[in-house]
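Undergrad: The structure is given below, and queries will be raised subsequently.
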């Protein structure tokens with residue numbers, strides 16, 4: 003059954019900053035299962051400044067072809083404040099430098115319902131700069147801080 007997206011003609015462009023921690027639960031060569039808590043601050047012309055918290059379980063693959071990194075992942079996330087859940091598929095391509103800084107192009111396709119100010123089904127795109135910090139000898143724990151320019155658009159367009 004087709005469901006009309008009530009935010010079809012809305013455009014949302016914002017500047018966001020996020021901090022997230024990625025704990026690798028399982029790793030086998032390029033395949034990874036990770037838990038990811040995240041804090042996001044978002045500001046746009048239409049919306050007041052907003053702080054969001056999410057917890058995600060992510061399954062993905064990554065490929066490093068020096069100096070380019072490609073990451074593909076599928077995840078299930080819950081927004082801590084609203085207790086709402088959604089599924090997403092994401093790709094991230096970027097150039098990683100030796101100091102842990104990465105220039106990124108990130109795209110996430112997700113379905114969320116009744117969030118109030120974002121599309122029910124949308125594509126989320128980002129151009130940004132990230133700093134990746136590894137903890138431990140095995141690089142099982144990754145802490146990332148990033149800032150960038152983000153925009154959402156409806157998949158119904």
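In this note's numbering, the protein residues as written are 3 to 159. Even glycine gets a Cβ: it sits at the ideal position worked out from N, Cα and C.
Would you verify that the beta carbon of residue 34 is, or is not, closer than 9 angstroms to some beta carbon of chain C?
TA: The displayed structure is made up of one protein chain only, and chain C is not part of it.
Undergrad: Can residue 90 and residue 79 be called in contact, C-beta distance under 9 angstroms?
TA: Mapped onto the chain shown, residue 90 falls at position 88. Mapped onto the chain shown, residue 79 falls at position 77. Result yes, Cβ atoms of residue 90 and residue 79 sit closer than 9 angstroms.
Undergrad: Return the CA-CA distance between residue 31 and residue 81, expressed in angstroms with no decimal places.
TA: Locating residue 31 in the chain shown gives position 29, where the first residue counts as 1. Locating residue 81 in the chain shown gives position 79, where the first residue counts as 1. Approximately 30 angstroms between the Cα atoms of the pair.
Undergrad: Taking DSSP as the reference, what is the three-state secondary structure of residue 101?
TA: For the purposes of this step, residue 101 is identified with residue 99 of the chain shown, where counting begins at 1. In this structure, residue 101 counts as coil in the three-state DSSP scheme.
Undergrad: Indicate the three-state DSSP secondary structure (helix, strand or coil) for residue 69 in the structure shown.
TA: Sequence index remark: in the chain shown, residue 69 carries index 67 (1-based). Looking at residue 69 - three-state DSSP - the assignment turns out to be coil, as it is neither helix nor strand.
Undergrad: Could you name the residues of the same chain whose beta carbon sits closer than 6 angstroms to that of residue 111, not counting the 5 residues immediately before and after it, in chain order?
TA: Residue numbering aside, residue 111 sits at position 109 when the chain shown is read from its first letter. If we look at residue 111 and ignore the five residues flanking it on each side, its Cβ neighbours are 91, 125.
Undergrad: Output the distance between the C-alpha atoms of residue 113 and residue 86, rounded to the nearest integer angstrom.
TA: Numbered from 1 along the chain shown, position 111 holds the residue referred to as residue 113. Numbered from 1 along the chain shown, position 84 holds the residue referred to as residue 86. Spanning the two alpha carbons is a distance of roughly 11 angstroms.
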